[in-house]
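In this note's numbering, the protein residues as written are 1 to 114. Just so it is clear, CB atoms sit at the ideal spot from N, CA and C, and this is done for glycine as well.
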C-alpha cells in the first residue's frame, strides 16, 4: 500500500482489466497478511509475558522467539509471492516501475537513502 492508503500498483498506467485483477488480488492478500501480522503481535505479547516472570523460562522464551521468526519468514514469503503474482499481470515497463516503487517504499521504511 502507499502512504495515501492506496496500492502501489495504482501509481502505474494500468489497463482497466489489469487494475481490476490487481485490486482483487491485493484485497485478498491484505486480508491474509493482516491475520498473520496479528498472530505475530499476539506471539510478541506472549514473549513479553514470559520475560515478566520472576523466573523466566529460557527454553519457552527461545521457543517463542523461534516461532516469531518463523511467522515473520512466512509473512515475507507471502509478500514475495504476492509481488511475483502482481508482476506477472504487468508488461515489462510496468514491471520495472512496480519494482522501482517497491524498492523506493522499502528504502523509506528502513531510513536508507538511494
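Taking just the CA atoms, how far does residue j sit from residue i?
i           : j           : result
residue 85  : residue 109 : 23 Å
residue 87  : residue 57  : 45 Å
residue 63  : residue 17  : 46 Å
residue 8   : residue 101 : 7 Å
residue 92  : residue 11  : 15 Å
residue 89  : residue 66  : 35 Å
residue 75  : residue 36  : 7 Å
residue 45  : residue 71  : 14 Å
residue 105 : residue 41  : 23 Å
residue 20  : residue 103 : 23 Å
residue 15  : residue 94  : 11 Å
residue 69  : residue 43  : 10 Å
Does DSSP put residue i in a helix, in a strand, or in coil?
i          : result
residue 56 : coil
residue 19 : helix
residue 80 : helix
residue 69 : helix
residue 8  : helix
residue 89 : coil
residue 13 : coil
Count the other CB atoms within 10 Å of the CB of residue i; is the residue buried (16 or more) or exposed (fewer)?
i          : result
residue 98 : buried
residue 22 : buried
residue 38 : exposed
residue 51 : exposed
Please name the residue, chosen from the options, that lies closest to residue i on a Cα-to-Cα basis.
i          : options         : result
residue 32 : 94, 19, 100, 81 : 81
residue 78 : 43, 49, 68, 29  : 29
Next item on the list: Would you list, in sequence order, the uninterrupted alpha helix (DSSP H) runs of no fewer than 4 residues that lie entirely inside the region 19–49?
Entry: none
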